[in-house]
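Undergrad: Here it is, the structure, as structure tokens.
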Amino acid sequence: GVAARITAPGSLGFGNVRVNSSSSLTLRITNTGTAPLNLTGASVTGSTIFSLPSPSLPTNIAANGGFADLLVRCAPTAMGTFSATLTLASNAINGPANVALTCAGVAPQLTSTPSWVEFSSVLRTTTATQYLYITNSGTAPLTLASATTSGAPFSIGTTLPVTVAVGGTSAIAVRCSPTAPGYNQGT
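Remember, our numbering sits 112 above the position in the sequence shown when you count from 1.
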């Protein structure tokens, strides 16, 4: 007989996607039947981080190998692994198609030690250097693009940007170069 038959991948994996950003993938829906396929709707259950920004449905897909591409988006708002099911409703004889969706929300997480740097006594017109250690305990690389100090004799002695790998640590040089005697404080 003449009937539409929907064919879709069983799963769509986005891999790692940074938290508060998004990634889009194309999902190809094919009609392997002998009648036009009317794709009437798509719904996602299991997680709200997945969406279908285009095309608008319903849409018709020609018989005998016709296809339509759906754009599927993953936009995690937190770290963790997310999964959902995309259900495609149609007039297909083989019923709705289900596609498993997976995405991992990743983000860097910065900690610095020590929490303060003390220079003790630094001679006027000399420079002393102490180090802050920046550790990334998150799930994505961390880029330290800029750093500033306040307080007259203090400065950053490391060329930025610096990228810290997941689980990695980088030393950031903090310098004190007093030009007059006295106590100095900064952040």
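Cβ coordinates follow ideal geometry from the N, Cα and C atoms, glycine included.
Small disclaimer: the values here were computed from a predicted structure and weren't measured.
Can you tell me which of the three DSSP states residue 136 falls into?
TA: For the purposes of this step, residue 136 is taken as residue 24 along the sequence shown, with counting starting at 1. Here residue 136 sits in strand by DSSP.
Undergrad: In the DSSP output, which residue or residues are listed as bridge partners for residue 242?
TA: Here residue 242 is taken as the residue at index 130 of the sequence shown, counted from 1. The partner list for residue 242 (beta bridge, DSSP) reads 286.
Undergrad: Which whole-angstrom value describes the C-beta separation of residue 139 and residue 124, a residue pair presumed to lie in contact below a C-beta threshold of 8 Å?
TA: On the sequence shown, residue 139 is found 27 positions in, with the first residue counted as 1. On the sequence shown, residue 124 is found 12 positions in, with the first residue counted as 1. So it is a contact: roughly 6 Å between Cβ atoms.
Undergrad: Report yes or no: do three or more beta-carbon pairs, one from the region 193-212 and one from the region 236-246, lie closer than 8 Å?
TA: No, because fewer than three Cβ pairs between the region 193-212 and the region 236-246 fall closer than 8 Å, the two stretches do not touch.
Undergrad: Just how far apart, CA to CA, sit residue 198 and residue 120?
TA: Within the sequence shown, numbered from 1, the residue matching residue 198 stands at position 86. Within the sequence shown, numbered from 1, the residue matching residue 120 stands at position 8. One C-alpha to the other measures close to 11 Å.
Undergrad: May I ask you to verify whether the region 175-195 touches the region 125-136, counting CB pairs closer than 8 Å and requiring at least 3?
TA: Output reads yes: the region 125-136 touches the region 175-195.
Undergrad: Less than 8 Å between the CB atoms is what I'm expecting for residue 219 and residue 250, so what's the real figure, rounded?
TA: The count along the sequence shown starts at 1 and reaches residue 219 at position 107. The count along the sequence shown starts at 1 and reaches residue 250 at position 138. Rounded, the Cβ-Cβ distance is 5 Å, consistent with contact.
Undergrad: Nearest-angstrom Cα distance between residue 262 and residue 298?
TA: Position 150 of the sequence shown, counted from the start, is the residue given in the question as residue 262. Position 186 of the sequence shown, counted from the start, is the residue given in the question as residue 298. Going by the C-alpha atoms only, they are around 5 Å apart.
Undergrad: Exposed or buried, which one is residue 248 when buried takes at least 16 other CB atoms within 10 Å?
TA: Taking the first residue of the sequence shown as position 1, residue 248 is located at position 136. Answer is buried; the Cβ neighbour count reaches 16.
Undergrad: Just to confirm, is the Cβ distance from residue 161 to residue 151 under 8 Å?
TA: Counting from 1 along the sequence shown, the entry for residue 161 is found at position 49. Counting from 1 along the sequence shown, the entry for residue 151 is found at position 39. Not a contact, by the Cβ cut-off of 8 Å.
Undergrad: So the candidates are 271, 293, 163, 213; which of them puts its Cα closest to the Cα of residue 232?
TA: The count along the sequence shown starts at 1 and reaches residue 232 at position 120. The residue with the shortest Cα to Cα distance from residue 232 is 293.
Undergrad: Going by the DSSP bridge assignment, what does residue 254 pair with across the sheet?
TA: The residue given as residue 254 occupies position 142 in the sequence shown. DSSP lists 276 as partners of residue 254.
Undergrad: With distances taken Cα to Cα, identify the nearest neighbour of residue 257 among 184, 154, 273.
TA: Sequence index remark: in the sequence shown, residue 257 carries index 145 (1-based). Closest by alpha carbon: 273.
Undergrad: What's the gap between the Cα of residue 195 and the Cα of residue 212?
TA: Against the sequence shown, residue 195 aligns to sequence position 83. Against the sequence shown, residue 212 aligns to sequence position 100. So the two alpha carbons sit approximately 7 Å from each other.
Undergrad: Please state the DSSP three-state secondary structure of residue 213.
TA: Within the sequence shown, residue 213 is the residue found at index 101, counting from 1. In the structure shown, residue 213 sits in a strand (DSSP, three-state: E or B).
Undergrad: Please classify residue 183 as buried or exposed, where buried requires at least 16 other C-beta atoms within 10 Å of its C-beta.
TA: Translated into the one-based positions of the sequence shown, residue 183 becomes position 71. Result: exposed.
Undergrad: Could you check if residue 254 is buried or exposed, using at least 16 other CB atoms within 10 Å of its CB as the buried criterion?
TA: The residue you call residue 254 lines up with position 142 of the sequence shown. With 16 or more other Cβ atoms within 10 Å, it is buried.
Undergrad: What do you get for residue 222, buried or exposed, if any count of 16 or more other CB atoms within 10 angstroms of its CB means buried?
TA: The residue labelled residue 222 in the question sits at position 110 within the sequence shown. Exposed, because fewer than 16 other Cβ atoms sit within 10 Å of the Cβ of residue 222.
Undergrad: Roughly how many whole angstroms lie between the Cα atoms of residue 180 and residue 215?
TA: Start at 1 with the first residue of the sequence shown, and residue 180 comes out as number 68. Start at 1 with the first residue of the sequence shown, and residue 215 comes out as number 103. One C-alpha to the other measures close to 23 Å.
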